[in-house]
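FYI, in our numbering the residues of the sequence shown are -10 to 357.
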Amino acid sequence: MRAGSDSTRPLFEIARLPVLLLSLLLVACQPSIPAGSDAATTPAPEPAGSRELNLYTTREPGLVQPLLEGFTAETGIKVNTVFVRDGLPEKLRAEGERSPADVLMTVDTGNLIDLVDAGHTQPVASTVLDAAIPAHLRGADGQWFALSLRDRVLYADKDLALDGFAYEDLAKPEWKGKVCIRSGQHPYNISLIAAMIAHHGVAETETWLRGVKANLARAAAGGDREVARDILGGICQIGIANAYYVGRMKNEPEGSEQRQWGDAIKVIRPVFSGVENGGTHVNISGAAVARYAPNKDNAVTLLEYLVSDEAQSLYAKANYEYPAKSGVELDAVVQSFGPLKIDSLPLTELAANRKQASELVDRVGFDN
Ligand code: FE
């Protein structure tokens, strides 16, 4: 409650008295409506602005725009998009309860959980969302939902005789001097290391990470696409990177630099070994309803639209990601990677291990 509201209340009530009296007079002058008639049950007109919603997104507007147009065409609800490149939690904190944000869209489970922990989201109860998105890919009480999956895979020299791989294998001596990867502190790797901690504990993960470090062909740096570049350049034979970059590289024009990087590799989806239901590590893009959403119903309607088969396919294809809902049509390049068996670890558990993962990266000097 805002300061001063208590002391001003009596004044408001006095001011409203004449309005009340006038209303009573008007009601008395109107013809009486028989109980149960249509007129008595006609809903009140919708307040102005209710056919809109405000979307705060950290994702490139080009990725989401076609979907939003589809949503508006289907529902008549207009979407006002605010692109927030950095500092979404800070913006929401500054706006407080007057924030116009209805839907928050971002990447990385950690970012979504940070929004929940800071109190910027609210629970959503929707049978549509619960049916579309598996429980381990959404927050407790519907505080957030995954919309697409970003699997972290093995890029391997396309001529390498290798069809299966476990993340644990990265530390095997046979790969000495053959592994490329970006900084251990990058959120994509922190997420993977956090999952390793959840599966095997800190001590075993530390041993593994030291083994991976010993196998590096070059410093842990650059981006995910540079893993493909350096495989083409003969610097390394394998590396870990996100699958969607392969979709991007392989869809570049024939003969372009990035197309050559993409064509030099094959994708193998590793799994965690020695664990029950160990699958491929995924991170996500997802969305939540904002805590003070002025148009909450419209916000939920948008989320429900985003998990429809059509929207899921469009959204995943826009960045060559994997749909969060199963059975949805895939991009052709993504399809060529074969089936995705998602690691069964709940994403919330993985996010809780991020700090320990970061400390481990420093402790083993992974980036040095
Ligand atoms: Fe990325």
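Beta carbons are placed, not taken as given, at the ideal position from N, Cα and C, and that holds for glycine.
The ligand FE heavy atom lying under 7 Å from the CB of residue i
i, result
"Asn342", "no"
"Asn231", "yes"
Backbone CA spacing between residue i and residue j [nearest angstrom]
i, j, result
"Thr337", "Gly128", "7 Å"
"Val278", "Leu126", "16 Å"
"Tyr177", "Gly327", "22 Å"
"Asp332", "Val271", "7 Å"
"Ser274", "Glu318", "18 Å"
"Val68", "Arg40", "9 Å"
"Gly316", "Ala124", "16 Å"
"Thr194", "Pro89", "43 Å"
"Glu348", "Ile182", "11 Å"
"Ala150", "Arg82", "52 Å"
"Ala192", "Val350", "13 Å"
"Ser325", "Ala145", "15 Å"
"Asn357", "Ala209", "8 Å"
"Val16", "Asn100", "Confidence at Val16 is low in this model, with a pLDDT of 38, below 50, so its placement is unreliable and no value can be given for it."
"Arg199", "Asp219", "22 Å"
"Lys165", "Thr116", "50 Å"
"Asp27", "Ala184", "Confidence at Asp27 is low in this model, with a pLDDT of 40, below 50, so the placement of that residue is unreliable and no value is reported for it."
"Ile102", "Gly108", "10 Å"
"Gly236", "Tyr281", "37 Å"
"Asp119", "Leu56", "21 Å"
"Pro162", "Gly354", "19 Å"
"Leu291", "Gly223", "47 Å"
"Arg87", "Asp75", "20 Å"
"Val142", "Ala232", "6 Å"
"Gly190", "Asn287", "43 Å"
"Val344", "Glu63", "For the sequence presented, residue 344 should be read as Lys rather than Val. Distance between the alpha carbons of Lys344 and Glu63 is about 43 Å."
"Gly153", "Ala114", "40 Å"
"Val264", "Gly251", "31 Å"
Cβ-based neighbour list, residue i, same chain, cut-off 7 Å, excluding 5 preceding and 5 following
i, result
"Gly212", "Arg171"
"Val168", "Leu159, Val201, Asn204, Leu205, Ala206, Cys225, Ile227 and Gly228"
"Ala187", "Leu334, Glu338, Leu339 and Asn342"
"Lys147", "Ala253, Ile254 and Lys255"
"Leu329", "Asp140, Arg258, Thr269 and Tyr311"
"Ile122", "Phe134, Ala135, Val296, Ala313 and Lys314"
"Gln249", "Leu221"
"Trp197", "Glu157, Ala160 and Met185"
"Ala346", "Ile179, Ile182, Ala183 and Ile186"
"Ser137", "Ile273, Ser274, Tyr304, Ala305, Glu310, Tyr311, Pro312 and Ala313"
Other residues of its chain near residue i: CB distance less than 6 Å, five sequence neighbours each side excluded
i, result
"Lys306", "Asp320"
"Ala43", "The identity of residue 43 in the sequence shown is Asn, whereas the question assumes Ala. The residues are Asn69, Pro89, Ala90 and Asp91."
"Tyr45", "Val71, Val73, Ala90 and Leu93"
"Asp130", "Pro112"
"Gln247", "Met238 and Glu241"
"Ala230", "Tyr144, Asp213 and Val216"
"Leu52", "Ala307 and Asn308"
Cβ shell of residue i (< 8 Å), same chain only, five flanking positions each side left out
i, result
"Lys285", "Asp91, Gln111 and Val278"
"Gly59", "Tyr294, Glu299, Ala300 and Leu303"
"Leu104", "Leu77, Pro78, Leu81, Leu93, Thr95, Thr110, Trp133 and Ala277"
"Thr61", "Lys67 and Val68"
"Arg352", "Glu195"
CB contact check: residue i to chain D, cutoff 8 Å
i, result
"Phe326", "Of the protein chains in the structure, only one exists, and it is not chain D."
In chain order, which alpha helix (DSSP H) runs of at least 4 residues are fully inside the segment 103 to 147?
-> Complete alpha helix (DSSP H) runs here, min 4: 116 to 121.
Alpha helix (DSSP H) segments (min. 4 residues) lying fully within the segment 237 to 275 | Fully enclosed alpha helix (DSSP H) runs of 4 or longer: 246 to 252.
Which ranges would you report for the alpha helix (DSSP H) in the segment 172 to 237 if only whole runs of at least 4 residues count?
-> If we require 4 residues or more, the alpha helix (DSSP H) runs fully inside the segment 172 to 237 come out as 176 to 189, 191 to 204 and 214 to 221.
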